[in-house]
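Novice:
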Amino acid sequence: MKIAFIGLGNMGGGMAANLVKAGHEVRAFDLSDAALAAAREHGCATFTSAAEACEGVEAVVSMLPNGAIVKSVFTSDVIGKAPKGAVLLDCSTIDVATAREVISLAETAGYDMVDAPVSGGIAAANAGTLTFMVGGTEAAFKRAEPVLIAMGKAVIHAGQAGNGQAAKICNNMLLAVHMIGTCEAFRMAQKLGLDPQTFFDISSVSSGQNWSMTSYCPVPGVGPTTPADNDYQGGFATALMLKDLRLAMEAAQASGAATPLGRRAQELYEAFAVDNAALDFSAIIKTL
Ligand code: NAD
């Protein structure tokens, strides 16, 4: 397929490279020259505007920083510029309302479009092992699926437009809450005289077991190798977790959902991010 790719940063760079590896012809655009140079090294053709990259394509994929940028790129350079038969996929993490608005504008102009945010970080983007949660009509999902599968290990239809973003922020709110809970439990166990490894051995096969404990343990030297074993470098940056929590709390307010623990998690990450935005989000254990 001929695919336009807009936004080749930490995530998009590896995703576009995987589309090339799967045999697609990728037409790339980014505002950054360095990102474009890296894309060329991975076999993408590069262009000087998103509209130019969209000429003659069958699909458009974007991986951009936020909702305002997604809306501006799609309304000025994609909708009406890409061929009408192209399927449009936004993989960025953005607010549910903007995702629905942009998809509605695309549909009114005659396009099929999905929101398809990802679970998995830069390593999964490079390895082609992302999980995509997809919102949109059944027809749009069917057309987006073969493009997404070239970049991921799982592609799941979450329902109507915007539901991909809804799934993503609910998932990451839960992740923040169980990470903080796991950190608290390890610290309290230590205060009470329990060795962290012993607590891990017990809790990982008891009812406190959860992903933050057994797959992403925040305590160095306990469980599998995680960012905690690398002084909390790499992994999922605190700044990105905070971005997702802010989106989640915005959506909670708009929908009238009660999220007292999500709200508290946001407060704790707001405070932690002031001096530690680049550290992995599990480093919040340092504050306890
Ligand atoms: P990034 O800042 O590395 O990349 C974004 C890219 O978009 C940059 O190269 C930038 O130059 C480009 N860009 C900005 N405005 C543009 C425009 N108008 N036209 C064309 N290009 C433009 O960010 P990232 O880490 O790759 O994240 C991208 C998205 O993926 C975000 O929505 C983020 O929340 C989400 N995400 C990131 C991770 C992660 O671990 N980094 C994990 C899951 C989801």
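Every number in the numbering used here is 106 more than the matching position in the sequence shown, counting from 1. Don't be surprised by glycine CBs; every beta carbon is placed ideally from N, CA and C. Everything numeric in this text was worked out from a predicted model, so none of it was measured.
List the residues that DSSP assigns as beta-bridge partners of G258.
Specialist: Its beta-bridge partners are L236.
Novice: May I have the straight-line CA-CA distance separating A273 from T214, to the nearest angstrom?
Specialist: If I take the Cα positions, the gap works out to 25 Å.
Novice: What residue from D221, A229, T237 has the CA that sits closest to A246's CA?
Specialist: The option with the nearest alpha carbon to A246 is D221.
Novice: Excluding sequence positions up to five away, which residues of its chain have a Cβ less than 8 Å from the Cβ of M219?
Specialist: Contacts found: V193, L194, L195, D196, V208, I209, A212, E213, G242, A246, A267.
Novice: How would you call R133, buried or exposed, if buried means at least 16 neighbouring beta carbons within 10 angstroms?
Specialist: R133 comes out buried.
Novice: In whole angstroms, what is the alpha-carbon distance linking S138 and K297?
Specialist: Looking at the two C-alpha atoms, the distance is approximately 49 Å.
Novice: With a threshold of 7 Å (Cβ to nearest heavy atom), would D201 be considered close to ligand 1?
Specialist: Incorrect: D201 has no Cβ contact closer than 7 Å to ligand 1.
Novice: Since G119 and A151 are thought to touch, with beta carbons under 8 Å apart, how far apart are those beta carbons, to the nearest angstrom?
Specialist: That belief does not hold up - the Cβ atoms of G119 and A151 are roughly 15 Å apart, past 8 Å.
Novice: Considering Cα atoms alone, identify which of V126, S225, N278 is closest to I262.
Specialist: When only C-alpha atoms are compared, the closest one is S225.
Novice: Going by DSSP, what residue range makes up the alpha helix (DSSP H) through E131?
Specialist: Per DSSP, E131 belongs to no alpha helix (DSSP H); it is in the beta strand (DSSP E), 131-135.
Novice: Could you please give me the residues that DSSP links to I109 through a beta bridge?
Specialist: DSSP, once it has assigned bridges, lists V132, A165 as partnering I109.
Novice: Restricting to runs no shorter than 4 residues, where is the alpha helix (DSSP H) found entirely within the segment 139-214?
Specialist: For the segment 139-214, whole alpha helix (DSSP H) runs of length 4 or above, ordered along the chain, are 139-147, 156-159, 173-179, 202-214.
Novice: If you measure from the CB of D136, is any heavy atom of ligand 1 nearer than 7 Å?
Specialist: Correct: D136 has its Cβ closer than 7 Å to ligand 1.
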